[in-house]
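Notes to accompany the following structure.
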Amino acid sequence: MSADMDPQKLINPALVEVSETGAPHLKGGRCRACGALSFPKAAVCTECLSLDVETVRLPDEGRLYSYSIVHQAPKGWDVPYVLGYVDLPDGVRVLAHIDAPPASIAIDQKVRLSVGVVGAGPDGAPLSTYTFTPA
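In the numbering used here, the protein residues as written are 1 to 135.
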């Protein structure tokens, strides 16, 4: 992420936070009753139905489980783009943009969390969200 990118311009700031140093971190959930993890943070634990779910940082690296090249997207989004499932080492699977040319991507490839521009809003302002890039 560029140093001048405003974290408030994220599509959904509830999913990712950007530290003062510019490092992104996914905000997931951990059930205080059973320890189950979720992303995005679940309001109710899917394992034990507890309502006591705290916000936690999830790992910033994982492995690409699967991906697809998307050619249709909401108005303003850049296409084509790569959308993939990333398996984090704690067992959470995340759906995310993969910010890399399709020819450079491989299943089980190590990837690292980043923030990238995925399109433009109606006012022309950049739309930014969490992405993963090859590590």
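From the three backbone atoms N, C-alpha and C, an ideal C-beta is built for every residue, glycine too. Owing to the predicted nature of the structure, the values given are computational and were not obtained by experimental measurement.
Beta-bridge partners of residue i, as assigned by DSSP
i          : result
serine 128 : Leu10 and Val117
valine 111 : Gly62 and Pro134
Own chain partners of residue i with C-beta closer than 7 Å, once the 5 adjacent residues on each side are dropped
i           : result
alanine 125 : Lys9
leucine 51  : Val44
Element boundaries [beta strand (DSSP E), containing residue i]
i          : result
valine 70  : 61 to 70
valine 82  : 81 to 87
leucine 95 : 93 to 98
For residue i, three-class secondary structure by DSSP
i            : result
glutamate 20 : coil
alanine 103  : helix
arginine 57  : strand
lysine 27    : strand
leucine 37   : strand
valine 44    : coil
Same chain, Cβ closer than 6 Å to residue i, neighbours up to 5 away in sequence not counted
i            : result
histidine 25 : Glu17 and Arg57
methionine 5 : At methionine 5, the pLDDT of 48 sits below 50, so the modelled position is not reliable; the number obtained from the coordinates is stated separately. Closer than 6 Å at Cβ, skipping near neighbours: no residue.
arginine 93  : Tyr85 and Asp87
proline 40   : Leu15
Neighbourhood of residue i by C-beta, 8 Å cutoff - its chain only, sequence neighbours within 5 removed
i           : result
arginine 63 : Val86, Asp87, Asp108, Gln109, Lys110 and Val111
alanine 137 : No answer is possible for residue 137: the residues shown for the chain start at 1 and end at 135.
alanine 3   : Because the pLDDT at alanine 3 is just 39, under 50, the model does not fix this residue reliably, and the point stays unresolved.
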